[in-house]
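Engineer:
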Amino acid sequence: MNTIYLLVGFIVILAFCASTIFTSLLIPVLIKKHTGQNIREEGPQSHQVKAGTPSMGGIAIIGSTLLVFLFMCWSNHNFGVQFLVTILGFVLFGLLGFIDDYAKIARKQNLGLRAWQKLVLQIAISVGIAWYLANYSITGTVVYIPFFKAYVDFGIWYIPFIAFTIVAMSNAVNLTDGLDGLASGVTAIVALYFAIAAGTFMYEVPLYFNAALAGACLGFLVFNKNPAKVFMGDTGSMALGGGLAVAAISMNMTLLLPIVGFVYVAEALSVIIQVVSFKTTGKRVFKMSPLHHHFELCGLKETMVVGLFWTAALICAIIGLAAL
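Quick note on my numbering: the sequence shown kicks off at 105 and runs consecutively.
#1: Measuring CA to CA, which of PRO394, PHE114, ALA343 and GLY289 is closest to LEU322?
#2: Beta strand (DSSP E) containing ASP338: first to last residue?
#3: In angstroms, rounded to a whole number, what distance separates the CA positions of VAL309 and ASN330?
#4: Have a look at the DSSP bridge pairing and note the partners of ASP257.
#5: Using 8 Å for Cβ pairs, my map puts ASP205 next to LYS222. What's the rounded Cβ distance?
#6: Starting from PRO158, follow its DSSP beta bridges and name the residues at the other end.
#7: Consult DSSP for TYR307 and reduce its assignment to one of helix, strand or coil.
#8: Can you have a look at VAL334 and say buried or exposed, based on whether 16 or more other CB atoms are within 10 angstroms of its CB?
#9: Using CA atoms only, rank isn't needed, just tell me which of GLY386, TRP414 and GLY346 is closest to VAL103.
#10: Among the candidates LYS253, ALA238, ALA343 and LEU296, whose CA atom is the shortest distance from the CA of ALA276?
#11: Out of ILE233, ALA332, CYS177 and LEU404, point me to the one whose CA is closest to GLY244's CA.
#12: Determine whether the beta carbon atoms of TRP220 and ILE263 lie at a separation below 9 Å.
#13: When you compare each of PHE298, LYS208 and GLY201 to ALA349 by their alpha carbons, which one comes out closest?
#14: Do you know offhand how far VAL367's Cα is from PHE413's?
#15: Quick one: any contact between the region 386-403 and the region 267-287, if contact means 3 or more CB pairs under 8 Å?
#16: Just how far apart, CA to CA, sit TYR109 and SER381?
#17: Residues in the same chain with beta-carbon distance under 7 Å from SER168, minus the five sequence neighbours each way, listed in chain order, please.
#18: Between which two residues does the alpha helix (DSSP H) harbouring VAL375 extend?
#19: Assuming the contact rule is C-beta atoms closer than 8 Å, GLY140 and PRO158 should be a hit. Round their C-beta distance to whole Å, please.
#20: What is the residue span of the alpha helix (DSSP H) that PHE268 lies within?
#21: Is the CB-CB distance between ALA295 and ALA272 below 9 Å?
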């Protein structure tokens, strides 16, 4: 077990250094390319000072994660099913986020691709990955049930279930990316958990990926913490969601995602509850959604909200260890 911790630590440090260097070099380029963030008018007024902060910093997270991940896989000659689906989930969702970010920059407003366009593309990618896993992974359509230590064969429901999980995760992480350092910090914790979980069950490829992702998020956090010098944009948040989901699914830990990633779930649920409540009753449950904005409008400083959510993510990771 100590060897696993040392390996995870080595990869995290390697990715942290790569991400720190990559992000520092990327920021001037993003500024030169006028990728400044457009802040939505209906958001908290305190966020208007962030207008113009370079976005699309997720490119650095993706690049540094891939660099370290590919190096580890190449060093150990691991290029199987887990490698392929993890790369596809991470890169394709990152590419989708990049297209969305680019559309926002071209239009000079906080509106990129239409919601239905993003959803259709997300579903297409997710169904393809789910089909591949159902047919070519070692576990097939069997899903592990945490705490009960049981395995259930989902049969024909496996593909829609997995596709839904990937789409939900990518959107949930995207919604979480609303405060300086929030998504990057929470994801570093969640990814580190899955790296340790992967090592516990000897899943080498997911260990490499999650450890690299955790390190890349921490390196990016150096520049993304309050006051942020760069935002990850949809390029980063969608890649994080897609990559985390697929990596967890590839080692049959699908149902651990909502447990360890409960912060993401809470953020997404707050938006759903808000919309349904307003559409049906004309009343809002929260002062503003996603949930982090509600806490802000309740009087908490942005840094306090971020710290609170990081703590919640850490607690959920500890609960997740019990589920193993």
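Just so you know, even glycine gets a beta-carbon here, dropped at the ideal spot from N, CA and C. Please read all numbers here as calculations on a predicted model, not as lab measurements.
Structural biologist: Based on what the coordinates show:
#1: GLY289
#2: Careful: ASP338 lies outside any beta strand (DSSP E), inside the alpha helix (DSSP H) at 337-354.
#3: 33 Å
#4: VAL246
#5: So it is not a contact: roughly 12 Å between Cβ atoms.
#6: GLY140
#7: coil
#8: buried
#9: Residue 103 falls outside the range modelled here, since the chain spans only 105 to 428, and no answer is possible.
#10: ALA343
#11: ILE233
#12: no
#13: PHE298
#14: 7 Å
#15: yes
#16: 46 Å
#17: ALA119, ALA122, SER123, PHE126, ALA320 and GLY323
#18: 366-385
#19: 6 Å
#20: 262-280
#21: no
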